[in-house]
Amino acid sequence: MKKNISYIFNRIITALLYISGSITSIVVILIVIFLFSEGVGMFGKNPTEEGFIMAVNKTNKVSHLDAEQVKLLFDGEITNWQKVGGINDSVILFRMDNITDYFTEEQIGENFENLPTCLSKVVDSIPGIIAFVGKKYIDKNFVGKELKIENINIGGFLMGKLWFPTAQPVAVMGALPLLLGTLWVSFFAILFALPLGLATAIYMAEVAHPTVRNILKPVIELLAGIPSVVYGFFGLVVIVPFIQNTFNLPVGETAFAGSIILGIMALPTIITISEDAIRTTPRSMKEASLALGANHWQTIFRVIIPYSSSGITAGAILGIGRAIGETMAVLMVTGNAAVIPNTLLEPVRTIPATIAAELGEASQGGLHYQSLFILGCVLFIITMIVNLAVEFISRRNKRVAS
Amino acid sequence: MNKKIKQQTAFWIFRIMSAIVVLFLVLILGFIISKGIGVISWKFLTMMPEDGMTKGGIYPAIIGTFYLVGGSMLFAFPIGVMSGIFIHEYAPHGHFKNFVQLMTNNLAGVPSIIFGLFGMSLFVNKLHFGDSIIAGSLTLGLLVLPIVIRTTEEALRSVNDSFRLASYGLGASKLQTIWRVVLPIATPNIITGLILSIGRVSGETAPILFTVAAYYLPNLPTSMYDQVMALPYHLYVLTTSGTNIKESRDMAYGTAFVLIMIVLIANLIANALRKFLSKKVKMN
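So the protein sequences, as listed, match chains R and P. The numbering used here numbers the first residue of the first sequence as 47 and each following residue consecutively. The numbering used here numbers the first residue of the second sequence as 53 and each following residue consecutively.
Here's what the structure looks like:
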């Protein structure tokens with residue numbers, strides 16, 4: 047009997063261990079499912095504000111526009127129909143409020159009972175009009191033409207050049223500036239962190255006296271341990287004003303500030319992984335090189351670095367992954383302007399920063415909310431590719447080593 | 053001769069580069085400590101914020117971070133250690149183990165804001181916890197899970213196989229061996245990992261943005277379904293979105309100082325523990 051109980055107990059514990067062993071896999075899968083299911087409803091939806099439509103004069107040749115064009119039209123940046131494929135005629139914007147410019151309140155009626163007729167008359171009388179009107183005021187006698195706005199699709203989302211998710215009358219969601227902003231900031235961060243990190247890793251593994259190494263090691267651990275919000279704070283009060291004064295800029299919150307902070311934050315990852323890789327170089331190889339008359343530097347440059355190159359690559363890639371996913375520090379120092387970056391000295395906005403800054407304001411289940419989850423998916427896919435690449439490199443290493 | 057000069061130049065470049073890395077740390081720590089230490093007082097640590105967070109203290113944020121660290125560890129530590137034991141002691145070599153390790157590494161590389169999104173959609177919305185300590189703790193717990201698993205694995209790997217074989221030789225079962233022999237030897241190393249992950253959790257901001265953190269609360273939390281203020285979020289608010297950013301700068305320095313101190317102390321304890329342990333092992 048006692049044996050039975052202990053047997054059952056044994057089985058329970060083993061089962062528990064199996065369950066907790068698979069928890070990380072379950073969490074990764076859940077993350078994928080949740081991010082995707084929260085966001086995917088966005089595709090195929092119309093970005094026009096709900097309950098409203100776009101109407102044009104029935105002689106207008108333009109029958110459909112995408113969100114970006116509508117945004118430019120209503121911002122007054124496109125003033126001629128020719129630019130969007132119509133005839134040479136200037137664009138007249140019309141919103142519901144403008145109705146009083148054309149009709150008196152008496153004509154519209156006390157309870158807006160004549161509004162549909164008035165709208166119809168306005169749209170019919172002005173050839174270049176584009177009207178943003180409530181659906182309920184459009185009746186069957188309406189003489190204008192409804193303008194079709196393109197639904198949100200994956201290509202348009204990833205390649206769109208404008209990010210105005212709360213714009214009226216049409217939400218414009220093009221993630222390209224955010225995507226490029228993320229890569230832009232991360233690229234320069236790595237450009238600056240890689241030489242520093244690599245040199246430090248080689249120094250720690252090969253050159254430094256053990257005492258020096260024992261000082262460097264905890265320094266790097268501490269750098270890794272400083273919270274990102276503290277990095278952001280430091281960047282905001284020290285680096286941002288410094289950049290603003292040195293380059294004489296209107297604002298110091300720039301991609302450059304983000305790159306510096308991200309570079310410092312990526313250093314520990316690059317150093318630790320590269321140092322580990324350098325240390326795995328077999329002693330026999332180093333000694334063979336030294337015995338052939340090569341000095342220490344030649345051995346490092348010609349033997350150790352080539353041997354550990356894949357480990358160093360893994361460190362660099364992982365550093366890039368860290369930089370791409372970093373949120374708070376970037377949010378605080380890059381200025382968050384969603385424009386495609388041209389130089390280092392202008393504000394940019396990254397994907398994580400966008401999510402952090404906008405999710406609080408987006409209403410749950412709305413288009414904006416969904417678009418942020420899709421951004422999360424994009425970010426997740428990028429970091430997943432990074433992780434798998436690192437895994438692939440280090441596994442191949444192990445196989446070569448054994 | 054040329055060879056020697058090249059070597060000297062290269063090594064000096066390495067030295068300078070390493071010195072720059074150290075300089076970064078000294079600059080950041082030095083700046084925050086020198087600016088923050090003047091703000092720290094007993095009052096600062098034990099009082100509520102006053103006058104639109106330009107005066108008073110950060111007591112509720114400290115308490116909030118304390119709850120969040122406790123809650124996330126309560127969740128992540130047992131599961132993480134069991135998961136580590138499973139991966140190192142139980143999982144048969146092969147595809148399954150590879151897959152589990154791959155997923156653990158993947159989870160470790162997932163950006164913290166993704167955890168925030170996930171925690172919000174699962175804990176806050178789907179499970180209807182609302183913005184609460186429990187939602188924030190679970191989200192943070194998931195974030196540190198890979199770290200706990202890895203340190204446990206590492207700690208178990210450092211236990212010499214001869215201990216296991218000796219235990220088996222005496223007729224102990226696998227569970228008995230793990231419980232009575234392997235874990236006691238590995239525990240101090242696991243605790244080192246735990247301390248480091250406490251440092252990590254207390255500084256994370258992005259995962260708590262949408263799951264628990266509050267801008268300002270006049271009262272301390274009374275249940276695990278309440279929102280709390282937290283140190284890292286408090287620092288973020290003070291520096292970016294407060295109404296009087298200039299006037300609350302001192303409060304921000306003080307908060308950053310407290311955050312840095314938590315990390316610093318966690319690292320010091322972990323290092324001391326590690327040193328103490330390696331000495332003990334040598335003596336054995």
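Glycine residues also receive a C-beta, built at the ideal position from the N, C-alpha and C atoms. None of the values given here were measured: they were computed from a predicted structure.
For this session: Assign Leu179 (chain P) to buried or exposed, taking buried as 16 or more other Cβ atoms, counted over all protein chains shown, within 10 Å of its Cβ.
Result: Residue numbering aside, residue 179 (chain P) sits at position 127 when the second sequence is read from its first letter. Result: exposed.
For this session: Count the other C-beta atoms from every protein chain shown that fall within 10 angstroms of the C-beta of Ala324 (chain P), then say buried if there are 16 or more, exposed otherwise.
Result: Mapped onto the second sequence, residue 324 (chain P) falls at position 272. Counting Cβ neighbours within 10 Å, Ala324 (chain P) comes out exposed, since fewer than 16 surround it.
Exercise. So what's Ile92 (chain P) in DSSP terms, helix, strand or just coil?
Worked result: Locating residue 92 (chain P) in the second sequence gives position 40, counting from the first residue. Three-state result, Ile92 (chain P): coil.
Problem set entry | Alpha-carbon spacing of Ala62 (chain P) relative to Thr345 (chain R), whole angstroms | On the second sequence, residue 62 (chain P) is found 10 positions in, with the first residue counted as 1. On the first sequence, residue 345 (chain R) is found 299 positions in, with the first residue counted as 1. Cα to Cα, Ala62 (chain P) sits roughly 12 Å from Thr345 (chain R).
For this session: Under 8 Å by Cβ, that's how I've got Arg252 (chain P) and Ile199 (chain P) pegged, so tell me the actual separation to the nearest angstrom.
Result: Locating residue 252 (chain P) in the second sequence gives position 200, where the first residue counts as 1. Locating residue 199 (chain P) in the second sequence gives position 147, where the first residue counts as 1. Yes, they are in contact, since the Cβ atoms of Arg252 (chain P) and Ile199 (chain P) sit about 7 Å apart, within 8 Å.
Problem set entry | As assigned by DSSP and simplified to three states, the class of Asn157 (chain R) | The residue you call residue 157 (chain R) lines up with position 111 of the first sequence. In this structure, DSSP gives Asn157 (chain R) a state outside helix and strand, which the three-state scheme calls coil.
For this session: Return the residues of the region 272–297 of chain P that lie within a Cβ-Cβ distance of less than 7 Å from chain R, sorted by chain order.
Result: Pro284, Leu287, Tyr288, Thr291, Thr292
Exercise. Quick one, are the C-beta atoms of Ala113 (chain R) and Phe140 (chain R) less than 7 Å apart?
Worked result: Residue mapping note: residue 113 (chain R) aligns to position 67 of the first sequence, counting from 1. Residue mapping note: residue 140 (chain R) aligns to position 94 of the first sequence, counting from 1. Going by C-beta atoms, Ala113 (chain R) is not nearer than 7 Å to Phe140 (chain R).
For this session: Kindly indicate if chain P contains any beta-carbon less than 7 Å away from that of Thr326 (chain R).
Result: Here residue 326 (chain R) refers to the residue found at position 280 when the first sequence is read from its first residue. With 7 Å as the cut-off, Thr326 (chain R) does not count as an interface residue toward chain P.
For this session: Can you pull the chain R residues whose beta carbon is under 8 Å from the beta carbon of Phe151 (chain P), in chain order?
Result: As a working mapping, residue 151 (chain P) is identified with position 99 in the second sequence. The answer, in chain order, is Ser71.
Problem set entry | Per DSSP, the bridge partner or partners of Phe210 (chain R) | Residue mapping note: residue 210 (chain R) aligns to position 164 of the first sequence, counting from 1. Paired residues: R:Val218.
For this session: Answer with buried or exposed for Asp183 (chain P), where buried requires no fewer than 16 other C-beta atoms within 10 angstroms of its C-beta.
Result: Here residue 183 (chain P) refers to the residue found at position 131 of the second sequence. By the 10 Å Cβ count, Asp183 (chain P) comes out buried.
Exercise. Any C-beta of chain P sitting closer than 7 Å to the C-beta of Met374 (chain R)?
Worked result: As a working mapping, residue 374 (chain R) is identified with position 328 in the first sequence. Output row for Met374 (chain R): interface = yes.
Problem set entry | Amino acids of chain R, ordered along the chain, whose beta-carbon sits closer than 8 Å to that of Val315 (chain P) | Residue numbering aside, residue 315 (chain P) sits at position 263 when the second sequence is read from its first letter. Those are Leu268, Gly271, Ile272, Pro273, listed as they occur along chain R.
For this session: For Tyr249 (chain R), decide whether its Cβ has a neighbour in chain P, counting only Cβ atoms nearer than 7 Å.
Result: Walking along the first sequence from the start, residue 249 (chain R) turns up at place 203. Yes, Tyr249 (chain R) counts as interfacial toward chain P.
Exercise. Got a sec: is the Cβ-Cβ distance from Ala224 (chain P) to anything in chain R below 7 Å?
Worked result: Position 172 of the second sequence, counted from the start, is the residue given in the question as residue 224 (chain P). Chain R, which has no Cβ nearer than 7 Å to the Cβ of Ala224 (chain P), makes this no.
Problem set entry | Contacts that Leu262 (chain R) makes with chain P (C-beta to C-beta distance below 9 Å) | The residue you call residue 262 (chain R) lines up with position 216 of the first sequence. Neighbours of Leu262 (chain R) on chain P, chain order: Ser70, Val73, Val74.
For this session: Answer with buried or exposed for Arg329 (chain R), where buried requires no fewer than 16 other C-beta atoms within 10 angstroms of its C-beta.
Result: For the purposes of this step, residue 329 (chain R) is taken as the residue at position 283 of the first sequence. Looking at its Cβ environment, which holds fewer than 16 other Cβ atoms inside 10 Å, Arg329 (chain R) is exposed.
Exercise. Does Glu321 (chain R) come within less than 7 Å of chain P when only Cβ atoms are used?
Worked result: Taking the first sequence and counting its residues from 1, one reaches residue 321 (chain R) at position 275. So no, Glu321 (chain R) is outside the interface.
Exercise. For the candidate residues R:Pro162, R:Gly278, R:Gly361, R:Leu391, whose alpha-carbon lies nearest to that of Asn294 (chain R)?
Worked result: Position 248 of the first sequence holds residue 294 (chain R). Nearest C-alpha to Asn294 (chain R): R:Leu391.
Exercise. When DSSP labels each residue in this structure, what does Pro241 (chain R) get in the three-state scheme?
Worked result: Stepping through the first sequence from its first residue, residue 241 (chain R) is reached at position 195. In the structure shown, Pro241 (chain R) falls within a helical segment according to DSSP collapsed to helix, strand and coil.
Problem set entry | Under 9 Å from the C-beta of Gly406 (chain R): neighbouring residues of chain P | Residue 406 (chain R) sits at position 360 when you count from the first residue of the first sequence. Ordered by position in chain P, the residues that pass the 9 Å Cβ test against Gly406 (chain R) are Leu261, Phe262.
Problem set entry | Residues of its chain near Pro314 (chain R), where Cβ-Cβ distance is below 7 Å and the 5 sequence neighbours each way are ignored | Within the first sequence, residue 314 (chain R) is the residue found at index 268, counting from 1. Contacts found: Ile266, Leu269, Ala270.
For this session: List the residues of chain R that Arg232 (chain P) touches, going by C-beta distances under 9 Å, in chain order.
Result: If you number the second sequence from 1, residue 232 (chain P) lands on position 180. Those do not exist, as Arg232 (chain P) stays about 14 Å from chain R at its closest Cβ, beyond 9 Å.
Exercise. Skipping 5 residues on each side, what residues in its chain have a beta carbon closer than 7 Å to that of Asn336 (chain P)?
Worked result: The count along the second sequence starts at 1 and reaches residue 336 (chain P) at position 284. Residue placement at Asn336 (chain P) cannot be trusted, given a pLDDT of 49 that sits under 50; the coordinates are not used to answer.
Problem set entry | Residue range of the beta strand (DSSP E) that includes Lys181 (chain R) | Position 135 of the first sequence holds residue 181 (chain R). Looking at the DSSP string, Lys181 (chain R) is not in any beta strand (DSSP E), and its letter there is neither H nor E.
Problem set entry | chain R within 7 Å of Ala113 (chain P), Cβ atoms only | What you label residue 113 (chain P) is simply residue 61 of the second sequence in a count that begins at 1. By this cut-off, Ala113 (chain P) is not an interface position.
Problem set entry | Delimiting residues of the beta strand (DSSP E) encompassing Arg141 (chain R) | Numbered from its first residue, the first sequence carries residue 141 (chain R) at position 95. Per DSSP, Arg141 (chain R) belongs to the beta strand (DSSP E) from 138–141.
Exercise. Which of the three DSSP states, helix, strand or coil, is assigned to Pro173 (chain R)?
Worked result: Sequence index remark: in the first sequence, residue 173 (chain R) carries index 127 (1-based). If DSSP states are grouped into helix, strand and coil, Pro173 (chain R) belongs with coil.
For this session: Work out the CA separation of Ala369 (chain R) and Ala128 (chain P) for me, nearest whole Å.
Result: Here residue 128 (chain P) refers to the residue found at position 76 when the second sequence is read from its first residue. Here residue 369 (chain R) refers to the residue found at position 323 when the first sequence is read from its first residue. C-alpha separation (whole angstroms): 25 Å.
For this session: Could I get the ranges of all uninterrupted beta strand (DSSP E) runs contained in the region 69–135 of chain R, with 3 residues as the minimum, in chain order?
Result: Within the region 69–135 of chain R, the complete beta strand (DSSP E) runs of at least 3 residues fall at 98–102.
For this session: Pick out the complete alpha helix (DSSP H) segments inside the region 305–343 of chain R, 4 residues or longer, and give them in chain order.
Result: 329–337
Exercise. Of all the CB atoms in chain P, is at least one closer than 7 Å to the CB of Thr246 (chain R)?
Worked result: Walking along the first sequence from the start, residue 246 (chain R) turns up at place 200. Cβ-Cβ to chain P under 7 Å: yes for Thr246 (chain R).
For this session: Pull up the distance between the alpha-carbon of Ser210 (chain P) and that of Pro393 (chain R), whole angstroms please.
Result: On the second sequence, position 158 is the one that residue 210 (chain P) refers to. On the first sequence, position 347 is the one that residue 393 (chain R) refers to. Each residue's alpha carbon lies about 48 Å from the other.
Exercise. How would you label Lys18 (chain R), buried or exposed, when you count the other beta carbons within 10 angstroms and need 16 or more for buried?
Worked result: Nothing in the structure corresponds to residue 18 (chain R), since chain R is present only between 47 and 448.
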